[in-house]
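What follows is a single structure, written as structure tokens, with notes after it.
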Ligand code: MG
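Residue numbers (the numbering used here): 5 to 228.
Written out as structure tokens, the structure is:
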């Protein structure tokens, strides 16, 4: 969208509305607020950038905080985006590569959002990128593959990099299995039950936890 390069504040709602992907405006605006706070303390990271809808919100918050957002995605589409599957989109089929390719759309969104100086794309499977990652993170959004194996790998690979006070956000948490797959909810419950995170209010299907600071006691897990 011309004219919004470098503008501060939430992205104009028309911008994310025009981007492929699944995220309600209220959920995205919560991510903006979290990134605005977290981005002052350290880099933020999202898993599952897809076409850049969540990236617009997180990236805008990081930009306004003077921070940075790493956005990980292999950009080959998840299981449900493949030909013959429920969410296959012919517009994302790349005939030269012979596969789904969401990276062109992603980078277009980043440029339209005025976020090229804030967003660092990492075109990789999340588990590969996690193998030698060593930078403490102030926010991690898990919004990648929805199989249990994929969701657990994202949680296992990245939650340990959160700095004390850092936010762990998990998208697509549905208590009713008919509303959506249960893997994101399962890793949310793992994190909440670990005692290492404090639960913050949810927004829609977006669960938010905060890594406890050193020395903080999880009173809801008191030993009997
Ligand atoms: Mg999602």
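Note that beta-carbon positions come from the ideal geometry of N, C-alpha and C, so glycine has one too.
Simplified DSSP state of residue 49, which is helix, strand or coil: Translated into the one-based positions of the chain shown, residue 49 becomes position 45. Secondary structure of residue 49 (DSSP, three-state): strand.
Pairwise C-alpha distance: residue 187 and residue 163: Looking up residue 163 in the chain shown gives position 159. Looking up residue 187 in the chain shown gives position 183. Going from the Cα of residue 163 to the Cα of residue 187 covers about 16 Å.
C-alpha distance - residue 56 paired with residue 218, whole-angstrom precision: Position 52 of the chain shown holds residue 56. Position 214 of the chain shown holds residue 218. Between residue 56 and residue 218, the C-alpha separation is close to 34 Å.
Collapsed DSSP secondary structure at residue 8 in the structure displayed: For the purposes of this step, residue 8 is taken as the residue at position 4 of the chain shown. Unreliable positioning characterises residue 8 in this predicted model, as indicated by a pLDDT of 45, which lies under 50. The coordinate reading is nonetheless provided below. Under the three-state reduction of DSSP output, residue 8 falls in the coil class, being neither helix nor strand.
Shell residues, 5 Å Cβ cut-off relative to heavy atoms of ligand 1: Proximity to ligand 1 was defined by a C-beta distance below 5 Å to any of its heavy atoms, and the residues meeting it, in sequence along the chain, are 147, 175 and 176.
Simplified DSSP assignment, three categories, for residue 154: By 1-based counting over the chain shown, the position of residue 154 is 150. If DSSP states are grouped into helix, strand and coil, residue 154 belongs with the helices.
Counterpart residues of residue 125 in DSSP-defined beta bridges: Translated into the one-based positions of the chain shown, residue 125 becomes position 121. Among the bridge pairs identified by DSSP, residue 125 is matched with 75.
Selected residue, minimal CA-CA separation from residue 80, among 70, 98, 119 and 133: Locating residue 80 in the chain shown gives position 76, counting from the first residue. Comparing alpha-carbon positions, the option among 70, 98, 119 and 133 lying closest to residue 80 turns out to be 98.
Candidates 183, 215 and 198, of which the one nearest residue 171 by Cα: The residue labelled residue 171 in the question sits at position 167 within the chain shown. Selected option, being the one with the closest Cα: 215.
Classification of residue 205 by the beta-carbon crowding that lies within 10 angstroms, buried from 16 upward: Sequence index remark: in the chain shown, residue 205 carries index 201 (1-based). Exposed, since its Cβ has fewer than 16 Cβ neighbours within 10 Å.
Buried or exposed by the 16-neighbour rule on C-beta atoms within 10 Å, applied to residue 20: Here residue 20 is taken as the residue at index 16 of the chain shown, counted from 1. Counting Cβ neighbours within 10 Å, residue 20 comes out buried, since at least 16 surround it.
Residue 11 to residue 42 span [Cα, whole Å]: The residue given as residue 11 occupies position 7 in the chain shown. The residue given as residue 42 occupies position 38 in the chain shown. Those two C-alpha atoms are separated by around 19 Å.
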